[in-house]
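Only one structure is covered here, and it is reproduced in the block below.
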Amino acid sequence: MQSRLKTLRQLFFEVLPNTVESIRYNMPSYKVGKGYLYFAAYKKHIGFYPVYGVVDMEEEILKYRAKNTKDSLHFKHTEPLPLALIKRIIILKAGNI
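Note that the working numbering has the sequence shown beginning at 312, numbered continuously upward.
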């Protein structure tokens, strides 16, 4: 799990080298445009928040959409991280927030 979290962190800095990293809501957070994106580790998944306003990607992210939420994705530990998808979300959110 630790290596998966490190991979996500590295991805943020790869996409946005000057992003500001901090802890908000007890989660690692990254300044993306005027807002923040967060991720957190749980027993069965990594949560990625907030993911709203990505209408063009809805079909792709549907598989990861957390039940009964509009803004969170869950990446199960039993599956590879969808790094290309996460990268596209970061880029899109950086332009929209």
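C-beta atoms are modelled at their ideal positions from N, C-alpha and C, and glycine is treated no differently.
*Could you check which residue in Leu-327, Pro-393, Ala-405 and Lys-342 has the C-alpha nearest to that of Ile-357?*
As a working mapping, residue 357 is identified with position 46 in the sequence shown. With distances taken between Cα atoms, Ile-357 lies closest to Pro-393.
*Keeping to the same chain, check which residues put their C-beta closer than 6 angstroms to that of Phe-359; ignore five residues upstream and five downstream.*
As a position in the sequence shown, residue 359 is number 48, starting the count at 1. Excluding residues within five positions, the ones whose Cβ falls inside 6 angstroms are Phe-350 and Leu-384.
*If you compare alpha carbons, which of Thr-389, Leu-403 and Arg-335 is closest to Ala-395?*
The residue given as residue 395 occupies position 84 in the sequence shown. Checking every option, the nearest Cα to that of Ala-395 belongs to Leu-403.
_In this structure, how does DSSP classify Met-368 when only helix, strand and coil are distinguished?_
Along the sequence shown, one-based indexing puts residue 368 at 57. Residue state, collapsed to three classes: helix.
*Look at the alpha carbon of Glu-370 and the alpha carbon of Val-331, and state the distance between them as a whole number of angstroms.*
Numbered from its first residue, the sequence shown carries residue 370 at position 59. Numbered from its first residue, the sequence shown carries residue 331 at position 20. Rounded to the nearest angstrom, the two C-alpha atoms are 30 angstroms apart.
*Keeping to the same chain, check which residues put their C-beta closer than 8 angstroms to that of Arg-335; ignore five residues upstream and five downstream.*
Stepping through the sequence shown from its first residue, residue 335 is reached at position 24. Result list for Arg-335: Tyr-347 and Tyr-349, in chain order.
*Compute the beta-carbon to beta-carbon distance between Ile-397 and Leu-327, rounded to the nearest angstrom, for a pair I have assumed lies under 8 angstroms.*
Within the sequence shown, the letter at position 86 stands for residue 397. Within the sequence shown, the letter at position 16 stands for residue 327. Actually they do not touch by this definition, with Cβ atoms about 12 angstroms apart.
*Pull up the distance between the alpha-carbon of Ser-340 and that of Tyr-353, whole angstroms please.*
Residue mapping note: residue 340 aligns to position 29 of the sequence shown, counting from 1. Residue mapping note: residue 353 aligns to position 42 of the sequence shown, counting from 1. Approximately 16 angstroms between the Cα atoms of the pair.
*Contacts around Asp-367, its chain only, beta-carbon distance under 8 angstroms, and the 5 residues preceding and following it disregarded*: Locating residue 367 in the sequence shown gives position 56, where the first residue counts as 1. Within the same chain, Asp-367 has close Cβ partners Leu-403.
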